[in-house]
Structure formats: C-alpha cells, structure tokens
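Asker: Quick one: the structure is below, questions incoming.
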Amino acid sequence: MVQGKSARRSQIKINIAIDGYSSCGKGTLAKALAKQLDYIFIDSGAMYRAVTLHMLQLGVDVLNETDVTDALQSLKLSCLINKQKQTEIVLNGKEVESEIRGLMVASKVSEVAKILAVRKKLVAIQQEIGKNKGVVMDGRDIGTVVFPQAEVKIFMTANSAVRANRRFKELIANGDSVSLETVRKNIDQRDSIDTSREHSPLSLSSDYCILDNSDLSKAKQLEIALEWVNDALNATNS
Ligand code: DC
C-alpha cells in the first residue's frame, strides 16, 4: 500500500467523483478513500433521499413536478461534516440518516431525482462543498455535472445479483423486513430511471476509470482507486 501513503502525503488536493449504479459499493469505496487521503466524504444520494423524505412527510405526490418544486421552498437541508469528515444530513433541524435508508424512501427517490428544480438545488450545495477540493463524492452525475473537472472519475459497476444481495443485507440490518426479490426489483427500477431520465442521467464517458467490483475485495478496490489517485496527483504536480 505504498501508493496510498504517497497519496496521503500530497499537499495538493483534488476532487474525486465516484458514479455508478445503485448498491455498487460506491459509498464504501468513497468513505475508505476519504479516510486514507484525509478528504471529506459526501454521499450525494443521501441528499436526494432527504428531499424525498421531506416530500413524503408533507404528503406531496412525488410524480407531480409542480408540487415537488413548490415544496422545495420549505426544505431546510444542511450537510454537516462531522469529526470523521463524513456528511450528516440534517432535514428541517433533525438528523435523518436512518430514516432515509428505508425502502419507502428508496422506492420514491428516483422519481424525485428526475426533477430539475431538485437537481439544481442539490448540485449548487454539492459544488459549494467541493469548491476548495479535497472531496470524495459519490452519486450518479458527479463526474458529469457536479465536478466535470474532477481529477479522478470512477465509474463503479457490479453484477445485479451481487448488488441485490448487498442491499438486502443492509436493509435487514437496518430493521426492514423485505424480500430479496423486492430489493432486486427496486434496484432494477432505480437503475432504469437513473439512466434514462432527461436531466443528468447516469452515463459513462471516456474520462472515467471503470471499476467492476463483483469479485473484488474492499481492500483491492481501495488499492486500485489509490493508484488512479496517485496518477492524478502526479499529473497535477508535474
Ligand atoms: O446513491 P443512492 O442509491 O443513495 O441514491 C438515491 C437515488 O438518488 C438514486 O436512485 C439516484 C439519485 N441520485 C441522483 O440522481 N444523483 C446523485 N448525484 C445521487 C443520487
């Protein structure tokens, strides 16, 4: 892990964008990278989830773009960076990490994320957080829209059975009683909406490094990603 040490020592900070399908382990890699590099980790999906929770709390029909856009007026969303340099999402004064992870929010969030006013609002917050660099952010449009100049862009993928299993275990651990089949359908549905929507769809361009982690350990993924980071830091240095 010599590569990791040299990345950690670098004075120059860069932004790292991690995009990819649902439940690919983007957050796990992003967190590990941020820890290794002493960067800030931002889970942009958590922001879309918090907006969705807000809509559900208000009883807003998430398929109605006008109602969702109107309800954004009363949204108070803050991203606090805690001592571990991770985001804590605070919705209308309340920390909502556990609530936004449930299947109820998951089943509506892709609809909310389609809406332009929602995206504009969240992208502005994300760009503000990243303006001084030193950020690892994961999502769907980070390398294409939020930080198009990110020095490292990683596109993560994994086969769908592996992804469904991972998500299923997470939900069960979170206290949700749900079947593997329901989880698989939800992931397929989200991927389909996320890749086909009009505004900022998940898409792969040639400047991404592709990481298929179906058969890779977390340590190996980190090692590969740190090599890409070191290459970028060396290129920035020279
Ligand atoms: O990463 P996640 O599964 O928590 O994301 C939840 C939803 O939010 C997902 O269906 C796509 C959407 N999303 C998005 O459109 N853009 C982002 N940058 C992050 C998430």
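Under our numbering, the first residue of the sequence shown is numbered 13, with each subsequent residue one higher.
Just so you know, even glycine gets a beta-carbon here, dropped at the ideal spot from N, CA and C.
1. Helix, strand or coil for glutamate 210? Go by DSSP, reduced to three states.
2. Threonine 207 to lysine 126, Cα distance in whole Å?
3. With a threshold of 7 Å, establish whether the CB of alanine 62 neighbours any heavy atom of ligand 1.
4. How many angstroms separate the CA atom of glutamine 233 from the CA atom of serine 226?
5. Assign aspartate 260 to one of two classes, buried (16 or more other C-beta atoms within 10 Å of its C-beta) or exposed (fewer than that).
6. Out of Thr169, Met116, Lys133, Lys132, which has the shortest C-alpha to C-alpha gap to aspartate 150?
7. Quick check on this structure: which residue in Ile222, Ile101, Val124, Ala136 has the alpha carbon closest to the alpha carbon of glutamate 77?
8. Roughly how many angstroms separate the alpha carbons of phenylalanine 167 and glycine 114, rounded to a whole number?
9. Evaluate contact between the stretch 87–94 and the stretch 103–119, counting only Cβ atoms and requiring at least three cross-stretch pairs below 8 Å.
10. Would you mind stating whether valine 164 and tryptophan 240 have Cβ atoms separated by less than 8 Å?
11. Kindly indicate which three-state DSSP category valine 72 falls into: helix, strand or coil?
12. Would you say methionine 252 and isoleucine 154 are within 8 Å of each other, going by their C-beta atoms?
13. Strictly under 8 Å for the Cβ-Cβ distance: is glutamate 235 near chain D by that measure?
14. According to DSSP, is valine 148 helix, strand or coil?
15. Leaving out five residues on either side along the sequence, give the residues of the same chain with a beta carbon under 7 Å from the beta carbon of alanine 62.
16. Could you name the residues that DSSP lists as bridge partners for serine 90?
17. Is isoleucine 24 helix, strand or coil when you go by DSSP?
18. For alanine 231 and alanine 42, what's the separation of their Cα atoms in angstroms?
19. What I want to know is whether the C-beta of glycine 57 ends up closer than 7 Å to one or more non-hydrogen atoms of ligand 1.
20. If you run the structure through DSSP and keep just helix, strand and coil, what is glycine 114?
21. Alpha carbon to alpha carbon, what distance is there between leucine 183 and arginine 209?
Answerer: Once the coordinates are examined:
1. Within the sequence shown, the letter at position 198 stands for residue 210. Of the three classes helix, strand and coil, the one that applies to glutamate 210 here is coil, per DSSP.
2. Counted from its first residue, the sequence shown places residue 207 at position 195. Counted from its first residue, the sequence shown places residue 126 at position 114. Rounded to the nearest angstrom, the two C-alpha atoms are 10 Å apart.
3. By 1-based counting over the sequence shown, the position of residue 62 is 50. No.
4. Looking up residue 233 in the sequence shown gives position 221. Looking up residue 226 in the sequence shown gives position 214. If I take the Cα positions, the gap works out to 10 Å.
5. The displayed coordinates of the chain run from 13 to 250. Any statement about residue 260 would go beyond what the structure contains.
6. By 1-based counting over the sequence shown, the position of residue 150 is 138. Of the candidates Thr169, Met116, Lys133, Lys132, the one whose C-alpha sits nearest the C-alpha of aspartate 150 is Thr169.
7. By one-based count along the sequence shown, residue 77 stands at place 65. Minimum Cα distance to glutamate 77 is reached at Val124.
8. As a position in the sequence shown, residue 167 is number 155, starting the count at 1. As a position in the sequence shown, residue 114 is number 102, starting the count at 1. About 25 Å.
9. yes
10. The count along the sequence shown starts at 1 and reaches residue 164 at position 152. The count along the sequence shown starts at 1 and reaches residue 240 at position 228. Yes, the pair counts as a contact, with Cβ atoms nearer than the cut-off.
11. Against the sequence shown, residue 72 aligns to sequence position 60. Three-state result, valine 72: coil.
12. In the structure displayed, the chain extends from 13 to 250; residue 252 sits before or after that span and is not available.
13. In the displayed structure, chain D is absent; only one protein chain is listed.
14. The count along the sequence shown starts at 1 and reaches residue 148 at position 136. It is a strand residue.
15. Residue mapping note: residue 62 aligns to position 50 of the sequence shown, counting from 1. Closer than 7 Å at the Cβ level, and outside the excluded window around alanine 62, lie Leu89, Ile101, Leu103, Val108, Ile112.
16. Stepping through the sequence shown from its first residue, residue 90 is reached at position 78. Partner(s): Val102.
17. Taking the sequence shown and counting its residues from 1, the one referred to as residue 24 is at position 12. Looking at isoleucine 24 - three-state DSSP - the assignment turns out to be coil, as it is neither helix nor strand.
18. Within the sequence shown, the letter at position 219 stands for residue 231. Within the sequence shown, the letter at position 30 stands for residue 42. One alpha carbon belongs to alanine 231, the other to alanine 42, and they sit about 12 Å apart.
19. Here residue 57 is taken as the residue at index 45 of the sequence shown, counted from 1. Answer for glycine 57: yes, Cβ within range of ligand 1.
20. As a position in the sequence shown, residue 114 is number 102, starting the count at 1. Coil at glycine 114, not helix or strand.
21. Stepping through the sequence shown from its first residue, residue 209 is reached at position 197. Stepping through the sequence shown from its first residue, residue 183 is reached at position 171. Straight-line Cα distance between these residues: approximately 26 Å.
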